[in-house]
Amino acid sequence: MSKYEDAMKYQKKILYVVDRVFEKQLRCKESNEVMSLKVWVILFVLRDLYKYISELVATGRTAHDACLIYAKHLLAWEPGEQVRKNMEILLRAAMKAFPYHHSLLYETLVKAMAKTPLGQRPTAFEYIVQGLFGQRLLMASKFCATCGSCAAKKRCPKCKLCYCSVDCQKFDWPIHKSCCESIRTWNTVSDVRDTISLEDLQATIAEIDQ
């Protein structure tokens, strides 16, 4: 968004359109739970982003700088942590705020996430990717540690964290360099994603409901 000035100029229209697309997913004859959750996550993040940027712009920051500050806020990471907490909190909040609680997919994801304490893995991002796109994509793809792209082909030689481009790697470097050694201790070949399956998610619900 930092590259598109009109995204700030027309934020109300953008939010309105995304909101209309979201509402149509479960209010039509053939409802689409997966698409509904996909659009909801986008809408929730956009609302949070616009609110954050507006507050910074009010203090004299440019919209471009505010976008970069927001991105760095989400990427914040401390040595010893296994997840980016600000990102984790945002995605968990997005799922909890989904308005259609009768959705089976929503119920499955929220209850599964509830069993994983904040700060531990699997991350909310991993749960959401599996729930919306399937386990095959989660297992077969390498996600960029900065932007989340599933086409990450670069790796940190020490901790094996993945990136899709030099730009993403450079943007994350000020944060990454202080956490690289601690990431190395848990980011192994047999990633935590190997433990997630649809059966596990269903089993999680069964355990919670008992």
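Per the UniProt record's numbering, the very first residue in the sequence shown carries number 1; after that it's consecutive.
We put the CB at the ideal spot given by N, CA and C, even for glycine.
Being a predicted model, the structure only gives us computed values, none of them experimental.
> Looking only at its own chain, which residues have a Cβ that is under 7 Å from the Cβ of I183, when we skip the five neighbours before and after it?
Replying inline: Taking the sequence shown and counting its residues from 1, the one referred to as residue 183 is at position 183. Hits under 7 Å: C159 and L161.
> What is the DSSP secondary structure of R61, counted as helix, strand or coil?
Replying inline: Here residue 61 is taken as the residue at index 61 of the sequence shown, counted from 1. Of the three classes helix, strand and coil, the one that applies to R61 here is coil, per DSSP.
>> For the alpha helix (DSSP H) containing L109, name the first residue and the last one.
In response: As a first step, residue 109 is located in the sequence shown; it is residue number 109 there, counting from the start. Residues L104 to K115.
> Helix, strand or coil: how does DSSP classify Y163 here?
Replying inline: Along the sequence shown, one-based indexing puts residue 163 at 163. Correct three-state label for Y163: strand.
> Is the beta carbon of V18 sitting closer than 7 Å to the one on A94?
Replying inline: Mapped onto the sequence shown, residue 18 falls at position 18. Mapped onto the sequence shown, residue 94 falls at position 94. No, the Cβ-Cβ distance between V18 and A94 is not below 7 Å.
> By how many angstroms is the C-alpha of R27 removed from the C-alpha of H101?
Replying inline: Translated into the one-based positions of the sequence shown, residue 101 becomes position 101. Translated into the one-based positions of the sequence shown, residue 27 becomes position 27. The alpha-carbon atoms of H101 and R27 are separated by roughly 14 Å.
> Whose C-beta lies closer than 7 Å to the C-beta of L105 among residues of the same chain, with five residues either side of it excluded?
Replying inline: Here residue 105 is taken as the residue at index 105 of the sequence shown, counted from 1. Taken in chain order, the residues that qualify are E33, V34, L37 and G131.
> Just the Cα atoms here: how many angstroms apart are I14 and T185?
Replying inline: Along the sequence shown, read from residue 1 onward, the residue named residue 14 stands at position 14. Along the sequence shown, read from residue 1 onward, the residue named residue 185 stands at position 185. Taking the straight line from one Cα to the other gives about 42 Å.
>> Considering just the uninterrupted stretch of the alpha helix (DSSP H) at K153, what are its terminal residues?
In response: Within the sequence shown, numbered from 1, the residue matching residue 153 stands at position 153. No alpha helix (DSSP H) holds K153; DSSP gives it neither H nor E.
> From this set, T62, C150 and K12, which residue's C-alpha is nearest S165's C-alpha?
Replying inline: For the purposes of this step, residue 165 is taken as residue 165 along the sequence shown, with counting starting at 1. The closest CA to that of S165, considering only T62, C150 and K12, is found on C150.
>> Taking the straight line between their C-alpha atoms, what separation do you get for D172 and C180?
In response: Taking the first residue of the sequence shown as position 1, residue 172 is located at position 172. Taking the first residue of the sequence shown as position 1, residue 180 is located at position 180. Going by the C-alpha atoms only, they are around 11 Å apart.
> Start and end of the alpha helix (DSSP H) containing N86?
Replying inline: Residue numbering aside, residue 86 sits at position 86 when the sequence shown is read from its first letter. Per DSSP, N86 belongs to the alpha helix (DSSP H) from K85 to K96.
> Leaving out five residues before and five after residue 214 in sequence, what residues of the same chain have Cβ atoms less than 7 Å from its Cβ?
Replying inline: In the structure as shown, the chain starts at 1 and stops at 210, and residue 214 therefore has no counterpart that could be examined.
> Looking at C-alpha atoms only, which residue of K115, F133, A97 and S103 is the closest neighbour of V45?
Replying inline: Start at 1 with the first residue of the sequence shown, and residue 45 comes out as number 45. Here the closest residue by C-alpha is A97.
>> So, for W77: in the same chain, excluding its five sequence neighbours on each side, which residues have a beta-carbon less than 7 Å away from its beta-carbon?
In response: Residue numbering aside, residue 77 sits at position 77 when the sequence shown is read from its first letter. Excluding residues within five positions, the ones whose Cβ falls inside 7 Å are R84, I175 and C179.
> With respect to the alpha helix (DSSP H) encompassing F22, which residues constitute its N-terminal and C-terminal limits?
Replying inline: Taking the sequence shown and counting its residues from 1, one reaches residue 22 at position 22. That run of the alpha helix (DSSP H) goes Q11 to R27.
> Any idea if Y127 is buried or exposed, counting beta-carbon neighbours within 10 angstroms, 16 or more meaning buried?
Replying inline: In the sequence shown, residue 127 corresponds to position 127, counting from 1. Buried, by the Cβ-count rule.
> Comparing alpha-carbon positions, which option in V39, P99 and L90 lies nearest F22?
Replying inline: Position 22 of the sequence shown, counting from 1, holds the residue named residue 22. Per the Cα distances, V39.
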